[in-house]
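Inspection log for the structure reproduced underneath, given as structure tokens.
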Amino acid sequence: MASRRRVDQQQMPPAKRMRHENGSVAQAQDYAAALVKECNAKPIGKVQPGLLASKPKHGVFITVTEGVGPYKQEIMTLIRSLRDYGSAAGERTWAVVAFNPDLWENWQNGDITLEKRPEGDYLLHDSTKFVNTGGDVFFFVKSDSLDNVRRLENMVTTQLAKCQLDFVREHSEPGNNRVIGGLFADGLANPTDVENIDDFIITTDVDKGATGGSYMLTQKFVFNWTILDDMTQDQLENMIGRTVTDDILVVDDTRRHIKCAHILDKNGKHPLVFRQSMPYGSNNTGVGREEGTFYISCANTCQRFLDILKKLIAEEDKLISTVQAEEGSFWYVPNAEELGLTPIPVRNQLQLMPQWDVKSDNGYMFYNSREYLYRMTTGGYKDPQDTPSSRVLKLVGLVMTDWQRSWFEKQDEPHIPDLKTFLTNDDRNLLQEYKNAIPIRKGLATFYTLTRIACGALYSKQFDLYRIYPDELIAGVMPSFALGLGKRVMTYLTDDEQIRGYQMGVLEAAAIGHVVPDHQVILDKGLQALIDEMDSKATKQEAEDKQMFFLSAKKSLMGVQDYMESYAQLADNMSREETSFTEEQKANLRQISDRMQKLAKDKPDTFLEAAQLVFTMHCCLHIVGEPISIGRLDQLLGPFYPPSGLTMEEAQEVIDCFWIKVGERTLLNRHAAQDKIFPGMCAVPYTSSGNFPQGGCMNQWGQQLTIGGYLPNDDQNPTTACNEVTVMCLRAARRLPLNAPCLTLRLHDGISQEVLEETAKALLSGGAHPVLLHDDRLVPALQESGRRGISVRLEDARNYACDGCFEPVFVGGSEFAFCTFFLLDAVEMALNEGTLYSQAGPHFLRGTKKSFPSPNATQIKDFPEFQEIFLQHLRLQIPLLVSFLVGGYGNIWKVCPSPLLSVMMKGCIEAGRDHSNGGTEYHDLGFMFVGGADAIDSLYAIKKLVYDPLTALTTLPDLLTCLKCDWGFDMKEYLIDVRAGPGRAEAQATFFRHLRDVAVSLPKFGHGENEELKELATWMFENVLKILRETFDDPPDAVGEIFERLEKDYSLPGRPFGFVALPGIGTFEAYVGYGLNSAASADGRRSGQPIASDLSPAPVPQDLPANPDSCDIYKALKCWDLGVINHGLSCGSEVDLMIREDFPLDKLTEFLRRYADLDGPIGSNVITVTCANPETLEKASQVTDAYELVRVRQGGWTEFFITLFPVHQGQLRRRMYVHP
């Protein structure tokens, strides 16, 4: 093996080298102390002590009604005495004090301006639900000690009596500190982190009030138990929108309280409040029933309270219909300094409610967003010197809050209007000149999608594509499309064209993405230069088709240019018009405006500009319906890092912001999904019926991001491509619990130890980021994948990146399509005379006919004969598969060309052809053979149960009957005669179930070392690859005719047309869907149950308890260490591993080192590692909110576990684990 450059510690970035060399415990403690000091310097560090202390066990609410004005000194002295007592007493003893805003303004001699209470007896002019009874001072006394509460109460009332002030008070009667008869907890949605509280709860210099202050709403609600008594527990839960176990309740009740109380600001974001309600009194209608609840809520503006109250009334909130307020108003809560108090450390202010205080012991993994934000913003992260910046945490907090919208509203994106809606006279003249050609229409549709839909006032809000947060570094919004949910694109076909499109399975949304653009083109040239180039080339072409290609590309690029200029204008307008932004935010918006204005014309000069331009192009491609991957980001941005003069921390912040923009669109509530898929959409095999494995990829956008690997050259000794940005990407994946981008790391011999250490930490954070691909296996495999005279250059093989899942494609160099073949089908055909038997019975008799009539099971005398029949079916089916795929080549371009994408695909500009019309240099075809492990295990089981004299228990015909009867669980007619009575059928079923128990207990591929299984795997894959190779090199006549036609139509001078054939094993997210249509298999799997993901070990069958096997990681991966897998499966042979959360960091790093260096028999060329305990997944399948951030590897993508349907969750919970 050629030598490879190892990156040692001296080659690390200086800041990281210092961290490795000097990272003492004392320094870490100093850094943590500095972080605490930084937090305390924020507005939250000035807040009145105790304001944010939630859920005390005991409380008293005291309202001084009026007449306090002359007693400022007495009240202020009392407040300080209360604080002194609370500090000495401990046990979370606090006295929070709020004032009538008018009174406090008067006491400050007009030096402060506050928001005022509304006039009148009610807070809303059109409702009597919420009262405005006024009052001068409000004391909220709280503690976990009843004795301390009583002492504080006595101090307050004694002083008030001395001043002869009238007051009313109410004692909390907490019981279990829950409301409505002890059923429901309040304040579950409270922010618990520094950034959100600073943004939404605490007043700052842009709000009315002193920095660190707040506004408070109080309402003493009385419950109407007559109404509540008529409700069942289910109805009470529906009324609230939560269960009595505090989990979110997915119900379609528009009047549920948590939905009605969920407001959105003008940017579509949910502004937060901080609630501290407590029950009071007792009702004589039943034991444990409180009289009502004393509602307390805090925010940095009273307008938020009014917005919530208005929405509660407008939407007829069911909870509000059961209460009536008797007392309450708006108040101002001074900060600590205003009251002469000493602020307390932020970490002592905030606390997690028990519902959210669940976390992994490994310190890197997070279960829910509140716990994540709390730990990250208060110094509680495992490595406190390595947390994201305040800006990043603020942005990720906004994103996580936005994810919650799916619990309150369903996606509802309308269809985009037809192109005709937007055409100008110039457009019509152009179309007339080119006879209304589809390429011209597509260029115009791309232009108007980016200018009128994404940024236009009429449509942008409907699609939420045009907004900026004032703290963002990178501007733009990804569309809420997904491979599982579909996309919206602008239509432009005529009615007749649509009919032809349906017949071919391709329409305007046919673009499949699954390629990696060459973003280097746009970075090197800039938008204006590319537009000018397209214009120049268009004028020089004689052929009309080439003129149309360049004109369409030009119009598409002009759409991107207009999109960027629109964002520049938006940022500029916001910096001038918004009064709620700080000066720093306004300055940032001006910088965004300048940056977008520059990039609309010129190429980038800085690290941030380059990141922005890459994201903009990525975003625009997705908006117009091209679900492409990002590519090798470390290679794109690496050259900009040192010249930009950024510190490592500043560059890391840019990468983190890039990560957030890519991953902000996430659907947590699977029931809120909008199915936008129709036939002709996303024609992955050049055609589409619209039937995708939707439930498994509702958040799959194809946003792969690849790092690491080798430099793209043809040197004899390859050079590592890892750089500082490589590590930054790994760090972003570890610290930001997102599911996109899906990070892939290309490993190789000698990769730096720093990269492996960061990789191990990232894997322990959950989410299976990064996916691990091995260059020393895939690069030579890719080089050898060219067919029919097509060769792959070494520099191109070294310049691969993952498409949408894990398949390696050449960056900017190849179009890609793929199809699948289910290997278990071939097992069924060999068993059942070329027939699939899931539908065997009274309708299809022996089953659905699929292949030639091979020998009956009674005629198959030994296992070698069975193997040969299995191969005979493959020899028929694989050429049919190839014929199906290549026969559709060119269909997409006829209906859905890709002018914007083609600009960034090598060869297209030179050829003047669209990337789906033979324009690219390479034409990749993926042949994904599905169910590899299931097929191997089934072949092994047939051998052991039928043909091995030492273990055989049945005959092949009886085994076939058993499988048709689903192992005795579905004894049906045609297979049995019901007239024979149930006894005979039950006896046979009992034997079948016994056979199943034996089959389940047999060794399984990947579950440990077993030479027979490895031999079967080698035999099967060798023959699959041999048949596929022969189909290209010596094709059957019908297939050969297709090849010859395409080679004739698409070859160019000096560039013959041909395919790169990439065999692989990939279920991606469809492990449920493939199993759904598959009969019971001989390995013990029942009919319709999920199969193994990709080339992973088979999971425990779905009807058996979720007690997954566990195996030594090295023993397990030894099973895949076969040349036919490592090098033969050039499209990837992904093995999805599960590890427990306590997998030692050093052991995981050691494993990565050994795999990277190929030190020992560690198999496969693609490995993923999902970190999650079985117990964690079990809880996450039952509880939603507390485990919302648990992420798992599906098969081609990372998904939030709670988003998955129970059947997907069940398969994941049964996957095999590996241990050190």
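Under UniProt numbering, residues 1 to 1220 are what the sequence shown spells out, in order.
For each residue, glycine too, the CB sits at the ideal point set by N, CA and C.
Within the continuous beta strand (DSSP E) that includes residue i, where are the two ends?
i, result
"Ala801", "Tyr800 to Cys802"
"Leu772", "Val771 to His774"
"Thr63", "His58 to Val64"
"Cys298", "Gly292 to Ala299"
"Glu653", "Counting along the chain, Glu653 falls outside any beta strand (DSSP E), though it belongs to the alpha helix (DSSP H) covering Met648 to Gly663."
"Val1166", "Val1166 to Cys1171"
"Phe1200", "Thr1198 to Phe1200"
What does DSSP give as the partner residue(s) for residue i in the beta ladder?
i, result
"Ser1133", "Ile1065"
"Thr232", "Note: Thr232 sits in no beta bridge, so no partner."
"Val96", "Phe140"
"Leu925", "Ala817 and Ala1061"
"Gln704", "Cys742"
"Pro808", "Cys802"
Where does residue i land, buried or exposed, given buried means 16+ other C-beta within 10 angstroms?
i, result
"Ser536", "exposed"
"Gly67", "exposed"
"Asn300", "buried"
"Lys944", "buried"
"Phe822", "buried"
"His257", "buried"
"Phe408", "buried"
"Tyr1187", "buried"
"Thr744", "buried"
"Tyr332", "buried"
"Ala762", "buried"
"Met1", "Summary for Met1: the model assigns pLDDT 30, below 50, so the residue's position carries little reliability; its value from the coordinates is reported in the next sentence. With fewer than 16 other Cβ atoms within 10 Å, it is exposed."
"Leu1104", "exposed"
Ends of the alpha helix (DSSP H) at residue i?
i, result
"Tyr374", "Ser369 to Thr377"
"Val1024", "Glu1011 to Asp1033"
"Tyr448", "Ile438 to Tyr448"
"Gly1075", "Tyr1071 to Leu1076"
Apart from the five residues on each side of it in sequence, which residues of its chain come closer than 6 Å, Cβ to Cβ, to residue i?
i, result
"Gln528", "Lys601"
"Leu483", "Cys697 and Gln700"
"Cys302", "Glu115, Tyr215 and Phe330"
"Lys546", "Gly912"
"Ala1156", "Leu747 and Ile751"
"Pro1144", "none"
"Glu21", "Any reading at Glu21 must be qualified, since the residue scores a pLDDT of 36, below 50, and its modelled position is unreliable; the value itself is stated next. So the list is empty, once near-sequence residues are dropped."
"Val250", "His671"
Taking the alpha-carbon of residue i as reference, which of the options has the nearest alpha-carbon?
i, options, result
"residue 1280", "Val1100, His618, Ile344 and Val1169", "Absent from the model: residue 1280. The displayed extent of the chain is 1 to 1220, so no value can be given."
"Ile197", "Leu953, Arg80 and Arg347", "Arg347"
"Phe447", "Val1192, Lys554 and Val1124", "Lys554"
"Ile1167", "Trp1019, Ala1098 and Phe806", "Phe806"
"Thr650", "Arg304, Ile112 and Val392", "Contrary to the premise, residue 650 reads as Glu rather than Thr in this sequence. It is Val392 whose Cα lies nearest to the Cα of Glu650."
"Glu1088", "Pro1105, Asp1094, Ala1070 and Gln48", "According to the sequence as given, residue 1088 is Gly; it is not Glu. Answer by Cα proximity: Ala1070."
"Glu74", "Cys1171, Glu754 and Thr158", "Thr158"
"Phe463", "Glu472, Leu473, Val477 and Asp471", "Val477"
"Val662", "Asp518, Phe1143 and Leu633", "Leu633"
So, at 7 Å on beta carbons, what are the nonlocal neighbours of residue i in its own chain, with the 5 sequence-adjacent residues on each side left out?
i, result
"Ala857", "Leu831, Leu956, Pro957 and Leu960"
"Phe992", "Cys962, Cys965, Trp967 and Gly968"
"Phe1205", "Arg670 and Gly695"
"Thr322", "Phe223, Asn224, Ile227 and Leu228"
"Arg5", "For Arg5, the pLDDT reaches just 29, beneath the cut-off of 50, and the residue's location in the model is therefore unreliable, although a value from the coordinates is still provided. Thr719, Thr720 and Gly750, listed in sequence order."
Does any C-beta atom of chain C lie closer than 8 Å to the C-beta of residue i?
i, result
"Asn368", "Within the model displayed, chain C is absent; a lone protein chain is all it includes."
Does the beta carbon of residue i fall short of 7 Å from some heavy atom of the ligand FMN?
i, result
"Arg391", "For the ligand FMN, the structure offers nothing, since it holds no ligand at all."
Enumerate in chain order the residues of its own chain whose CB-to-CB distance from residue i is below 8 Å, with the five nearest sequence positions on each side excluded.
i, result
"Phe884", "Pro685 and Cys819"
"His843", "none"
"Ala1116", "Gly1006, His1007, Gly1008, Pro1097, Leu1137, Met1216 and Val1218"
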